[in-house]
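Structure first, commentary second.
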Amino acid sequence: MSLKTKKLFNIYEKLLKLYGLQGWWPLIDFKGTNPTKTGSVQGYHPGDYSFPRNELQQFEICIGAILTQNTAWPNVEKALLNLKTINALDPKKILFLEDKKLKQAITPAGYFNQKAKKLKLFSKFYISLKGKTPAREELLDVWGIGPETADSILLYAYKQPEFVVDAYTRKVFGPCFDEGFNSINSDATYDDIKLLFEINLPRDYKLYQEFHALIVEHAKNIGKK
DNA sequence: AACCAGGACGTGA
DNA sequence: TCACGTCATGGT
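Residue numbers (the numbering used here): 11 to 235.
Rendered as structure tokens:
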């Protein structure tokens, strides 16, 4: 086991001890519980990596990944609930939904003009997959799907071992990159950081899911003070 | 009352 | 390539 591997596992264990299992990705149709969460956000399922269990849950995760771009999750949840209320949490329904109604439903998540376009384009793409797992490059070719959204979709909706890098990852690991991981500094690119994790950790989607969720939880906590 | 959230795209240099 | 502006609502 390399030094970097040991360091990453060490950090993972510390975060796990601090915050416990996170149970990402949250699903609005699943009434899970997670004592580390507060507020209205439900549907986390700590320790259960069997989700998504059907195509609708899978699609919901994809839509959530798009809606949460630069947006706090509680706002996304409101948008998802609105879509569910009008029975539109489904690729075909979204594709044929009036623009005005779609934008109205997702208003709480912000950027509703851009995101309405993104949801329609992704729905079309999702239908074209016919149940197949998309390649990362295919996802990136879809307008509105960048590296983080693509990796979130692959990791949480398709259980693919793609490590997700976000602003929180940089916040938490920035100092570590400068000190202990001397091949990568804090201005490393998205792919640099992604590869650091993927090269030095076993390709395990459960580990990647939990690690990323823990990083987000930790980043939120250190941001408060 | 600013500030920022689980980013991505378009533009000009 | 890369730095910067844009997109928009809701919570603190």
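Even for Gly, the Cβ is constructed at its ideal location relative to N, Cα and C. Since this is a predicted model, take the numbers as computed values, not measurements.
Check                                                                                                                                                                                                   : Outcome
Reducing DSSP to helix, strand and coil, say where ASN85 ends up.                                                                                                                                       : helix
Would you mind sorting ASP214 into buried or exposed? The rule is 16 or more other CB atoms within 10 Å of its CB.                                                                                      : exposed
Near ASN231, what residues of its chain come up, given a Cβ to Cβ distance below 7 Å and the 5 sequence neighbours on each side ignored?                                                                : none
For SER12, which of helix, strand or coil comes out of DSSP?                                                                                                                                            : coil
Taking 8 Å as the cut-off, is the CB of TYR200 close to at least one heavy atom of the ligand COA?                                                                                                      : You won't find the ligand COA in this model; it holds no ligand whatsoever.
Looking at the structure shown, is ALA198 part of a helix, part of a strand, or coil, going by DSSP?                                                                                                    : coil
Just to confirm my understanding: we take GLN67, look at its own chain, exclude 5 residues before and 5 after, and list those with CB closer than 8 Å. What are they?                                   : LEU37, ASP39, PHE40 and PHE61
Taking the alpha-carbon of ASN80 as reference, which of PHE122, ILE21, ASP58 and LEU107 has the nearest alpha-carbon?                                                                                   : PHE122
With H, G and I counted as helix, E and B as strand and the rest as coil, what does DSSP make of ASP39?                                                                                                 : coil
Go ahead and pull the three-state DSSP assignment for VAL182.                                                                                                                                           : helix
Quick check on the DSSP output: the alpha helix (DSSP H) that includes GLY74 runs from which residue to which?                                                                                          : 65-77
Look at the alpha carbon of ASP197 and the alpha carbon of PHE106, and state the distance between them as a whole number of angstroms.                                                                  : 42 Å
How many whole angstroms separate the CB atoms of ALA229 and LYS181, which I take to be in contact at a CB cut-off of 8 Å?                                                                              : 5 Å
Using 8 Å as the cut-off, can you tell me whether the region 131-149 makes contact with the region 111-119, which would need three or more C-beta pairs spanning the two stretches below that distance? : no
Could you round the C-beta distance between ARG310 and LEU165 to whole angstroms and report it? I think they count as a contact, below 8 Å.                                                             : Here the chain comprises residues numbered 11 to 235, so residue 310 is not present and cannot be evaluated.
Figure out for me which residue from GLY33, ASN195, ASP176 and PHE19 has the closest Cα to the Cα of GLY184.                                                                                            : ASN195
How many Å lie between GLU87 and LEU149 at the Cα?                                                                                                                                                      : 23 Å
Decide if ALA82 is buried, meaning its Cβ has at least 16 other Cβ atoms within 10 Å, or exposed.                                                                                                       : exposed
For GLU172, which of ILE155, TYR218, THR143 and LYS142 has the nearest alpha-carbon?                                                                                                                    : TYR218
Given this structure, state the Cα-to-Cα distance separating ILE225 from LEU206, to the nearest angstrom.                                                                                               : 15 Å
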